[in-house]
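Undergrad: The sequence shown lines up with residues 959 to 1270 when you count with my numbering. In this text, a Cβ means the ideal position worked out from N, Cα and C, and glycines have one as well. Have a look at this one.
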Amino acid sequence: MTMVIDCVAIGEELMKEIVKETETLKTKGITPGIATLLVGDDFGARMYRGQVEKFCEEAGFNYINENPSADVSEEEVIKIVKKLNADPAVSGILPLRPFPGQISDSAVINSIDVNKDIDCFQPFNMGKLALGEATFPPATPAAVIEILERYAREVDKVDPKDFFEGAEIVVVGHSNSVGKPVAYLALNRNATVSVTHVFTSMKGNLAKHTKGADILIVAAGKADLIGPDLVKEGAIVIDVGINRVKELDEKGEPILNDKGKPKTKTVGDVSFDAVKDKTRAITKVPGGVGSVTNRMLLKNALKACKIAHGLL
Ligand code: NAP
């Protein structure tokens, strides 16, 4: 019997824990805070900024919005980062990319105080992650691990340590933000981890790897990349992908909205309906990993705040 993991409920539970911890900190006169840095007005980055603001409000955090115009110089952006580094109301800094072409990602990221780098962009923090000593495990990969740990404890009734040790985990996607860090987090829990990517697919080897996975973590950003033929019977499938696709009718034609434009919907990388029954447990999109990601970011900001106040 397949279980669709209720990530929304996990996110809500985490939020309650975060609110409680924030209230305790406030009794000591301490309020955690997150600053976002959006340069210009990229649509996706703007949407993410709005979500962070909303979650900060819900958690009782300070929220600081830095939004210089798209033609700002790199020097000016670094000045803003340095101001945020020095601001005690800011526990964590979140650069929202893409940045305009004149601004180097690495120049901005490297100017963030390592103790405020709550999404683990800094090479120093990535290095600690690789060594199994992550201070701030990046939010999306940490959300994947949180979902699996809760599944282990609450459904399989096993210690997450035993759940991960020796588990055959396959990650699809090797980006610096999701694929690689989630592979490190699993490897640091003694899972047997394979990482696949576009070149694995190009050589026709993707199924060979994914069909061996007890736990399949997919983060490629390609709708319908994973069908039932790529999934082992009884696997746990975590779909990180977020894709906007056209809604089609039964003939495969786009369904139009009242303005005559194709309707769209959000899907993951896994063909959920076709794959679901083959799995032991699966996450869906929307209402999956994304429901936990922002809470993991808030947890990192709480940790940064405690570090800054000598409480950790
Ligand atoms: P990304 O930087 O574009 O990386 C995608 C990865 O998938 C790359 O490693 C790429 O390999 C690999 N890939 C692409 N096509 C493939 C194929 N046909 N077969 C195998 N591997 C393939 O994206 P990302 O930032 O890691 O994000 C991945 C997905 O997760 C996106 O849909 C994104 O929107 C979503 N996401 C979700 C959350 C959340 O909270 N739910 C958070 C972040 C991201 P190459 O590098 O070799 O091309």
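Following the continuous alpha helix (DSSP H) through L972, name the residue where it begins and the one where it ends.
TA: Note, L972: alpha helix (DSSP H), 965 to 985.
Undergrad: What is the rounded straight-line gap between the Cα of I992 and the Cα of K1161?
TA: Roughly 43 Å separates the two Cα atoms.
Undergrad: Check the Cβ-Cβ distances between V1247 and every residue of chain C, and say whether any is below 8 Å.
TA: The structure shown contains no chain C; it holds only a single protein chain.
Undergrad: Does DSSP put K1180 in a helix, in a strand, or in coil?
TA: Looking at K1180 - three-state DSSP - the assignment turns out to be coil, as it is neither helix nor strand.
Undergrad: Which whole runs of the alpha helix (DSSP H) in the region 1076 to 1153 are 4 residues long or more, in chain order?
TA: You should have 1081 to 1088, 1097 to 1112, 1118 to 1122, 1137 to 1145.
Undergrad: Please list, in chain order, all residues of the same chain as F1289 whose beta carbon is under 6 Å from its beta carbon, the five residues on each side excluded.
TA: Nothing about residue 1289 can be reported from this structure: the residues present for the chain run from 959 to 1270 only.
Undergrad: Excluding the 5 residues flanking C965 on each side, which residues of the same chain have their C-beta closer than 7 Å to its C-beta?
TA: Taken in chain order, the residues that qualify are I1105, T1241, G1245, G1246, V1247, S1249, V1250.
Undergrad: Could you tell me which residues DSSP puts in a beta bridge with E1024?
TA: According to DSSP, which records beta bridges pairwise, E1024 is partnered with L995.
Undergrad: Using CA coordinates, which residue listed in T1168, N1252, R1055, I1127 is at the minimum distance from A1003?
TA: Checked all of T1168, N1252, R1055, I1127; the closest Cα to A1003 is R1055.
Undergrad: Please list the terminal residues of the continuous alpha helix (DSSP H) segment that includes R1004.
TA: 1001 to 1017 is the span of the alpha helix (DSSP H), which, as asked, contains R1004.
Undergrad: Taking Cβ positions, are E1107 and P1118 nearer each other than 8 Å?
TA: Yes, the Cβ-Cβ distance between E1107 and P1118 is below 8 Å.
Undergrad: Nearest CA to the CA of E1034: which residue from C1014, V1066, A1092, V1010?
TA: The shortest Cα separation from E1034 among C1014, V1066, A1092, V1010 belongs to V1066.
Undergrad: Could you tell me how far apart the beta carbons of E1205 and K1223 are, in whole angstroms, since I believe they sit closer than 8 Å?
TA: Sure, about 5 Å apart at Cβ, within 8 Å.
Undergrad: Just tell me which of L1052, G1210, G1179, D1187 has its CA closest to the CA of D1197.
TA: Per the Cα distances, G1179.
Undergrad: Using the three-state DSSP reduction, which class does I1194 fall into: helix, strand or coil?
TA: Three-state result, I1194: strand.
Undergrad: Distance, Cα to Cα, Y1021 vs D1075?
TA: Each residue's alpha carbon lies about 15 Å from the other.
Undergrad: What residue range does the alpha helix (DSSP H) around I1067 cover?
TA: Residues 1063 to 1068.
Undergrad: Tell me the DSSP secondary structure of I1213 in three-state form.
TA: Residue state, collapsed to three classes: coil.
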